[in-house]
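Structure record follows, encoded as structure tokens.
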């Protein structure tokens, strides 16, 4: 076991952290799967409007790899196939029926999973619809099942603002979690690396994990990012592939393999300044925002985020929980003009650079809204980016090389190691309001296209 201590970074103090209480929400009438969240997937529909589906029935597959299935999170009727710009499929909506019939899948005994073949585990994950939980570096996309990663990382901690705490969500999931870990060991010839927080109150599932390497990380965000773990333990170089997923997703894999049934139940953290009673909710995959937030919000103008404030997606009040998200964040909508705001001391403003006196008070959470407090302008590098970048990378030269289209230089500066979440703090502290993640994604897409 190794311990990595980070000095650089920043923990964004957002008010509204979920209390460690689990609440059962009412069963939704509709659920949805959102194809656009699966990066690298070109969806091909397997159903049509009006078709009856079971829990686990394929809704769409990948055009390039038809064996990758994305299945229905409920039994019922397909009621909507929503398309966006250029007819891109954005939502497959299923209305729940009275009878929860499920597709029958192979089952495994817990003690047999560590001896299964790679082909058996691959087939179970592909047929069961959980392949989309896995991601790969480089490119941060759904991996190719024909490739073998040099290692697999399990994110047993999360330091993003208001994120779900795996130590709480994994309570009572010891058997399923270990089963998922054993299955992952069959997918790689290298090690499975479990990365956890350096703390004493780890969940038994994390502290008792077997047949994997355990590594502890401490320090501010991004200490919990998979990109941070990969950078310090097994950096990605050209021609290499590393896979990663969250610890709660490993538990889902274990539940699928042990029960032979798609694990539709999901625990999510409902948090944020606009939430009256932040807590953990027991719901199901693809639940509507209205069901998750009904009677739990304050204020009228609220932004609904599936995910965290750094890496989530604004889905609106009519939106759905994304497949890969375990946090729902509700933020007050900003944008209101303030008279002579520049002349005020800013005691209620959030400040990383100590522009305001509030920057010297590091303890209390702040009820942040969606205001940017400024507009787009040229990059002004005063050291704020390096202060929140613990990786051995230079974010500003990397972004400048991407903007110039110099992919060779960008590769030398660490392009293939990164995904958007690794540069999210750079975006947050940027006085020029530049989206580092968007520039990185465009560069990665161009690099992948040009081979």
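In my numbering, the protein residues as written are 578 to 1028.
Just so you know, even glycine gets a beta-carbon here, dropped at the ideal spot from N, CA and C.
- In the DSSP assignment, residue 794 forms a beta bridge with 581, 774.
- In the three-state reduction of the DSSP assignment, residue 1027 falls in the helix class, which pools H, G and I.
- DSSP places residue 976 within a helical segment (H, G or I) once states are collapsed to three.
- A straight line joining the alpha-carbon of residue 871 with that of residue 618 spans about 33 Å.
- In the DSSP assignment, the residues bridged to residue 639 are 620.
- Cβ atoms of residue 1001 and residue 1014 come within 8 Å of each other, at about 6 Å.
- With a threshold of 16 other beta carbon atoms within 10 Å, residue 712 meets it and is buried.
- Short of 7 Å from the beta carbon of residue 976, and not among the five residues preceding or following it, lie these beta carbons of its own chain, in chain order: 1013, 1016.
- Under the three-state reduction of DSSP, residue 679 is assigned to strand.
- Apart from the 5 residues on each side of it in sequence, residue 659 sits with its Cβ closer than 6 Å to the Cβ of 667, 668 in its chain, given in chain order.
- Residue 823 is classed as buried because its beta carbon has at least 16 other beta carbons within 10 Å across all chains shown.
- By the CB criterion at 8 Å, residue 758 and residue 595 fall outside the cutoff.
- Rounded to the nearest whole angstrom, the C-alpha separation of residue 991 and residue 811 is 14 Å.
- The region 783-794 and the region 699-718 do not touch, with fewer than three beta-carbon pairs separated by less than 8 Å.
- Per DSSP, the continuous beta strand (DSSP E) segment holding residue 598 begins and ends at 596-601.
- Boundaries cannot be given for residue 887, as no beta strand (DSSP E) includes it and DSSP labels it neither H nor E.
- The criterion of a C-beta distance shorter than 8 Å is satisfied by residue 884 and residue 899.
- Excluding its 5 nearest sequence neighbours in each direction, residue 893 has C-beta neighbours in its own chain below 8 Å: 866, 881, listed in chain order.
- In this structure, the CA atom of residue 754 is about 22 Å from the CA atom of residue 632.
- Residue environment for residue 966: buried (at least 16 other C-beta atoms within 10 angstroms of its C-beta).
- Contact check for residue 728 against residue 770 passes: the beta carbons are separated by less than 8 Å.
- Measuring C-alpha to C-alpha distances from residue 690 to each of 943, 1024, 621, 752 identifies 752 as the nearest.
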